[in-house]
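Enquirer: Handing you a structure now.
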Amino acid sequence: MNSARHDAVVIGAGPNGLVAANLLADSGWDVLVLEEQASIGGAVRSDSDVAQGFVHDTFSSFYPLAAASPVIRRLGLERHGLTWCHAPAVLGHPMPDGRWAVLHHEPEQTAAGLDDLHPGDGDAWLELHRQWQRIGPGLIDALLSPFPPVRASLRMLVNLPAVGGPLFVRTMLEPAKTLAETRFGGEGARLLLAGNASHADIPVDSAGSGLMGLLLAMMGQTDGWPVPQGGAGRLAQALADRFTSLGGEIRCSAPVHRIVVADGRARAVVLADGEQVPVRRAVLADVSAPALYEQLLDPDVLPSRVRSGIRRFEFDPGTVKVDWALDGPVPWTGAPSAAPGTVHLADSVDAMARALNAIGSHSVPAEPFLLIGQMTTSDPTRSPAGTEALWAYTHVPQQVHRDDGPDGITGSWDEAETEVMADRMQARIEAYAPGFGSRVRAR
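For the sequence shown, full-length UniProt numbering assigns the number 1 to the initial residue and increments by one for each residue that follows.
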């Protein structure tokens, strides 16, 4: 006889685990969330470790998909302390000649700026936006719906003829570089699309990258790229507060060692200290695929195809992220009047492609492509007035075979190599923002 008190155990108090726990609690389930770390949040957390009074997001920062998600919207997290903030502009990409391509909240404003950079690109942008208005909502619903997303896919298919049918589908599946060069004559619009595509962690000249570029660029003009006021951790805390208000329980510092399966069903979880927690109905694991299939589950309960597939599992490229506390705003050359919350830094689409392809070849780029978050610009509560909480990240190979730069980085990523890479990234910012280093209070 199962003496379980809980209907379900959720392993991991990251955002996915907390959303799942909320939905189950909404359905009347008794849910326990077990978190290995001492605090909740997973990759959605913030800290003040860089400098007093400066709040930096430890991992993720901008949440366009969360803001657009019908599930997140239905949770009503604003009633549990969540406030979304937006920068004056969504995204900016400075160019070597001092001009900027800027993604604004309004497509007409984006188009006007792109047309100034290259006549004709404004109309091309608005045409792309019109096509997106037809197909985008259905696509987003499909991406955010349980698989298979039948209803959302049907909605999208109904609107396909109005945007060119199979031809537009082919366009979405093109490499971002091809899509950008086909649609636009100037480098500015091309940089906006390709830079957005890079968030998918695949090269911009790879098939399918165009879809991510289009998705994020167009979402910037519908839902924006919001940040939680006060830090990313406020999003996780709102999810946790809502869950516990429904009677749910969260235990931190409670690493799960094993999922007990009997008769084809998950019956319990065993914690690292030996405690066994039986469950009546389900175990949900908000963990990586290798952690679930190679550590938490006995291989004997898995189908052979799953065991075979997990042996071939590959993680995305690694990430080096640097946080700065600045005594003033970034001194960008030619800074736009509407300051963007996110800045992408690459000299050209070709330079972006070279940097991302180098990573795929196990090389550390000499001139890394940077994704930069101007957090105080996005949310004034992140640092004292007149200052800026800033971060930048770039990708690096999981296994380093070569450093294309002059520093001989080997991939050990000890303190010395991390500092060298941080210097390389800071030099890239300095090239577009002379005097940047003089504003660094802490790094």
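Note that the Cβ used here is the ideal one computed from N, Cα and C, for glycine as well.
1) Rounded to the nearest angstrom, what separates residue 63 and residue 85 at their Cα positions?
2) Apart from the five residues just before and just after residue 199, which ones in its own chain have a Cβ nearer than 7 Å to its Cβ?
3) Helix, strand or coil for residue 443? Go by DSSP, reduced to three states.
4) I'd like to confirm the pairing. Which residues does DSSP put opposite residue 63 in its beta bridges?
5) Do residue 239 and residue 93 have their C-beta atoms closer together than 8 Å?
6) For the beta strand (DSSP E) containing residue 6, list its first residue and its last residue.
7) Since residue 323 is in the beta strand (DSSP E), which residue starts that stretch and which ends it?
8) Within 10 angstroms of its Cβ, does residue 415 collect 16 or more other Cβ (buried), or is it exposed?
9) Alpha carbon to alpha carbon, what distance is there between residue 366 and residue 298?
10) Measure the C-alpha to C-alpha separation of residue 248 and residue 33 and round it to an integer number of angstroms.
11) Can you say whether residue 382 is buried or exposed, counting buried as having 16 or more other CB atoms within 10 angstroms of its CB?
12) By the three-class DSSP mapping on this structure, what secondary structure does residue 295 have?
13) Please return the same chain residues whose Cβ sits closer than 8 Å to the Cβ of residue 55, not counting the five positions on each side in sequence.
14) Between the alpha carbons of residue 310 and residue 69, how many angstroms are there, rounded?
15) Taking residue 316 as the reference, give the member of 386, 404, 288 and 201 with the closest Cα.
16) Just to confirm before moving on: does the CB-CB distance between residue 340 and residue 90 stay below 8 Å?
17) Are residue 256 and residue 271 closer than 8 Å when you measure CB to CB?
18) Where do the ends of the beta strand (DSSP E) carrying residue 276 lie?
19) Under 8 Å between the Cβ atoms of residue 280 and residue 20?
20) Residue 262 lies in the beta strand (DSSP E); which residues open and close that run?
21) Kindly list the residues whose CB is nearer than 8 Å to the CB of residue 72, restricted to its own chain and excluding five residues on each side of it in sequence; keep chain order.
22) Smallest Cα separation from residue 187: which of 119, 139 and 403?
23) Where residue 210 and residue 346 are concerned, what is the direct C-alpha to C-alpha distance, given to the nearest angstrom?
24) Could you work out which residue in 261, 268 and 318 is closest to residue 300 when comparing CA atoms only?
25) Which residue wins for smallest C-alpha separation from residue 421, given the options 368, 37 and 377?
26) Helix, strand or coil for residue 74? Go by DSSP, reduced to three states.
27) In or out: residue 24 buried (at least 16 other Cβ within 10 Å) or exposed?
28) Would you kindly report the start and end of the unbroken alpha helix (DSSP H) that includes residue 349?
29) Mapping the DSSP letters down to three states, classify residue 242 as helix, strand or coil.
30) State buried or exposed for residue 442, treating a residue as buried only when at least 16 other CB atoms are found within 10 Å of its CB.
31) I believe residue 283 touches residue 250 by the beta-carbon criterion, under 8 Å. Please report the beta-carbon distance rounded to the nearest angstrom.
32) Would you give the residue range spanned by the beta strand (DSSP E) that residue 129 belongs to?
33) Whose C-alpha, out of 405, 357, 410 and 242, is nearest the C-alpha of residue 74?
34) Just how far apart, CA to CA, sit residue 190 and residue 359?
35) Count the other CB atoms, across all protein chains shown, that sit within 10 Å of the CB of residue 207; report buried if there are 16 or more and exposed otherwise.
36) For residue 477, which residues in the same chain have their Cβ closer than 8 Å to its Cβ, ignoring the five residues on either side in sequence?
Expert: So, from the data block:
1) 10 Å
2) 212 and 216
3) coil
4) Bridge partners of residue 63: none, in fact.
5) no
6) 6–11
7) 318–326
8) exposed
9) 44 Å
10) 8 Å
11) buried
12) helix
13) 46, 47, 48, 230, 231, 375, 381, 382, 383 and 389
14) 29 Å
15) 201
16) yes
17) yes
18) 276–285
19) no
20) 256–262
21) 19 and 66
22) 119
23) 18 Å
24) 261
25) 368
26) helix
27) buried
28) 349–360
29) helix
30) exposed
31) Wrong, their Cβ atoms sit about 16 Å apart, outside the cutoff.
32) Unbroken run through residue 129 is the alpha helix (DSSP H), 121–143; no beta strand (DSSP E).
33) 242
34) 21 Å
35) exposed
36) This structure does not reach residue 477, given that the chain is present from 1 up to 443, and the question cannot be answered.
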